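Colleague: Below: one structure in structure tokens.
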């Protein structure tokens, strides 16, 4: 069910009007001043509630240990990260800069609140409410700003069928699709479309490369600068895997979540972080167990994937700044990159845990949620270490299971076959497979088996943290189908007080079963079967909706505030 945050039709009409001083009813008459003021008061309350869903957190990262050289490099990377934000704003919609100017020019008490929300969500659409507009009447296109707003998937595919030479460019993750003057379609490389920001970003990366004495960082920054101008990211992705110094930075076009039309187009972002060597070393043992985790998956051998590299470095970091897709809406607590399957098969993927962001979310959101989700005997079981461990194993799971597959005798990939369905299924798979592997590590003695119930309780409450992002969003959708599957299996049971009680034995069994089902769905690359699975399971029952409604006094997520200069 879609959750609404606007307080009724009067407020919605007011916001559509742009927060001017007077509203006009549908019959064309001028609304009385008292009704106009009431509408503005109602809309102010609605905007305040929307804004309260994100708690501002001054992260104030400790950078006292950095050398002058490292500070210089990081300050340059912050500049480059801000350029990623300029690009991403336009990737969401090329009209976004003009929309923001329109809001700025408005009069009325809600102007500043609307600007704040616009900057929070990088556009006039509420990322927690299925991208519903909170300013203006335009719905966000499924393809965001990557395609013409009126382009359908059928027209996109028909064009490729009629123009097969265009297929590679049209399906590329590094092109925009635009209409030509004669009504046709054309692909525009990112390097051309975003030259205004990519050229200075490349220059900044080269300047940072000249300053740093970290050879691996110098190599990555130099190659990534070249990638910005060539749209060929392969060599710089390989170089990113080799970063091993204090500064850990990911910058460029990565995730495809915003392309809900086809699931092809990548969004620009930046994670500017510094590594915690002790924490990273403590988790380093798990990368050596990835092959064992693959072998232990509860599926037939033909669904297991030993073609990927298992190098898989793990970095625990403190984030000091972000850019682009990393900034708005729900905050990332960990990531697993690169997404290029060629790099994954050659070198695996790197897992990066943002320790300070994760800690803030546990303290402000997950821990206070427990008493509103689980019965008292189980709500007290939550442990921060298992939010961190689950996050790590979620990211490890992105490197497990089917990747490159064979379908109808031809080599393809899971993401290519599942298209826009891929992100939600993959995030849910990473969740449940991550849980499956935490339990596997407990069975092996790598984690304390006496804390199994602590982990399972932490995992269960975490599902509600994710569904609050909206079940149209990839992580929320993945959490929703896990919840429904576990409810059906009798693992999560509603009590008379509306709280959930975990049947731990059934929960373990259901985690194994769902891991199996998702790996098979991905390995078969069957779009229709996945669509049917999501129709059946990616939804919430009344019990879940009541629990979600009880959480309104808690923020849905945080908005970290980082310094602009170190």
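Residue numbers (the working numbering): -8 to 557. Where a beta carbon is used, it is the ideal one built from N, C-alpha and C, also for glycine. This structure is a prediction, so every number in the text was calculated from the model and none was measured.
Throw me the rounded Cβ distance for the residue 45 and residue 554 pair, which I believe falls under 8 angstroms.
Modeller: Actually they are not in contact, since the Cβ atoms of residue 45 and residue 554 sit about 19 angstroms apart, beyond 8 angstroms.
Colleague: Can you tell me which of the three DSSP states residue 25 falls into?
Modeller: Here residue 25 scores only 41 on pLDDT, less than 50, and its place in the model should not be relied on; the value that follows carries that caveat. Three-state result, residue 25: helix.
Colleague: Among 139, 187, 199, 389, which has the Cα closest to the Cα of residue 174?
Modeller: Taking residue 174 as reference, the option from 139, 187, 199, 389 with the minimal CA-CA separation is 139.
Colleague: How big is the Cα-Cα spacing for residue 262 and residue 240?
Modeller: 6 angstroms
Colleague: Are there 16 or more other CB atoms within 10 angstroms of the CB of residue 386, so buried, or fewer, so exposed?
Modeller: Its Cβ being crowded by 16 or more others within 10 Å, residue 386 is buried.
Colleague: Can you give the beta carbon distance from residue 108 to residue 38, rounded, assuming they're within the 8 angstroms contact cut?
Modeller: 7 angstroms
Colleague: Would DSSP call residue 445 helix, strand or coil?
Modeller: helix
Colleague: Once you ignore the five residues that flank residue 454 on each side, which residues in its own chain have a CB closer than 7 angstroms to its CB?
Modeller: 470, 473, 474
Colleague: If we call anything under 8 angstroms between Cβ atoms a contact, is residue 601 one with residue 497?
Modeller: For the chain, the structure presents residues -8 to 557; residue 601 sits outside this window and is missing.
Colleague: Given a cut-off of 8 angstroms on the beta-carbon distance, is the pair residue 346 and residue 50 in contact?
Modeller: Pairing residue 346 with residue 50 gives a Cβ-Cβ distance that is not under 8 angstroms.
Colleague: Compute the Euclidean distance between the alpha carbons of residue 487 and residue 363, then round it to the nearest angstrom.
Modeller: Using only the alpha carbons, I get a separation of about 13 angstroms.
Colleague: Return the residue from the list 203, 211, 219, 462 that minimises the CA-CA distance to residue 185.
Modeller: Scanning 203, 211, 219, 462 for the CA closest to the CA of residue 185 turns up 219.
Colleague: Flag this pair as yes or no: are the beta carbons of residue 298 and residue 285 separated by less than 8 angstroms?
Modeller: Not a contact, by the Cβ cut-off of 8 angstroms.
Colleague: Which two residues bound the contiguous beta strand (DSSP E) that contains residue 543?
Modeller: Neither: residue 543 is in no beta strand (DSSP E) and is coded neither H nor E.
Colleague: Could you tell me the alpha carbon to alpha carbon distance between residue 34 and residue 105, rounded to whole angstroms?
Modeller: 10 angstroms
Colleague: Cβ of residue 452 within 8 angstroms of Cβ of residue 360?
Modeller: yes
Colleague: Does DSSP classify residue 490 as helix, strand or coil?
Modeller: coil
Colleague: Please go through the same chain and pick out, in chain order, the residues whose beta-carbon is closer than 6 angstroms to the beta-carbon of residue 278, but skip the five residues on each side of it.
Modeller: Excluding sequence neighbours, residue 278 sits near 303, 305.
Colleague: Let me check one thing: in DSSP terms, what residues is residue 45 bridge-paired to?
Modeller: 548
Colleague: Tell me residue 226's beta-bridge partners as DSSP assigns them.
Modeller: Residue pairing by DSSP leaves residue 226 without any beta bridge partner.
Colleague: Our contact map puts residue 467 next to residue 460 with C-beta atoms below 8 angstroms; I'd like the distance itself, whole angstroms only.
Modeller: About 4 angstroms separates the Cβ atoms of residue 467 and residue 460, confirming a contact at the 8 angstroms cut-off.
Colleague: Can you list, in chain order, the stretches of the alpha helix (DSSP H) that have 4 or more residues and sit fully within the stretch 106 to 181?
Modeller: 144 to 153, 158 to 162
Colleague: With respect to the beta strand (DSSP E) encompassing residue 243, which residues constitute its N-terminal and C-terminal limits?
Modeller: Note, residue 243: beta strand (DSSP E), 238 to 244.
Colleague: Do the stretch 313 to 325 and the stretch 241 to 257 make contact, defined as three or more Cβ pairs closer than 8 angstroms?
Modeller: Result yes; three or more Cβ-Cβ pairs closer than 8 angstroms.
Colleague: Out of 291, 255, 248, 207, which has the shortest C-alpha to C-alpha gap to residue 233?
Modeller: 207
Colleague: Tell me the DSSP secondary structure of residue 371 in three-state form.
Modeller: coil
Colleague: With distances taken between CB atoms, is the gap from residue 212 to residue 133 smaller than 8 angstroms?
Modeller: no
Colleague: Between which two residues does the beta strand (DSSP E) carrying residue 310 extend?
Modeller: Its beta strand (DSSP E) spans residues 305 to 315.
Colleague: Using a Cβ distance threshold of 8 angstroms, determine whether the stretch 506 to 514 contacts the stretch 390 to 400, with at least three qualifying pairs required.
Modeller: yes
Colleague: What separation, rounded to the nearest whole angstrom, lies between the Cα atoms of residue 327 and residue 340?
Modeller: 6 angstroms
Colleague: What separation, rounded to the nearest whole angstrom, lies between the Cα atoms of residue 411 and residue 308?
Modeller: 31 angstroms
Colleague: List the residues that DSSP assigns as beta-bridge partners of residue 396.
Modeller: Looking at the DSSP output, residue 396 shares a beta bridge with 403.
Colleague: My guess is that residue 495 and residue 444 are in contact by the Cβ rule of under 8 angstroms, so how many angstroms apart are they, rounded?
Modeller: 6 angstroms
Colleague: Relative to the alpha-carbon of residue 52, which residue among 335, 136, 264, 336 has its alpha-carbon at the smallest distance?
Modeller: In terms of Cα proximity to residue 52, the closest of 335, 136, 264, 336 is 264.
Colleague: Would you kindly check if the distance between the Cβ of residue 214 and the Cβ of residue 230 is under 8 angstroms?
Modeller: Yes.
Colleague: Look at the Cβ atom of residue 559, then the Cβ atom of residue 114, and state whether they are nearer than 8 angstroms.
Modeller: The question about residue 559 has no answer here: the residues shown for the chain are numbered -8 through 557.
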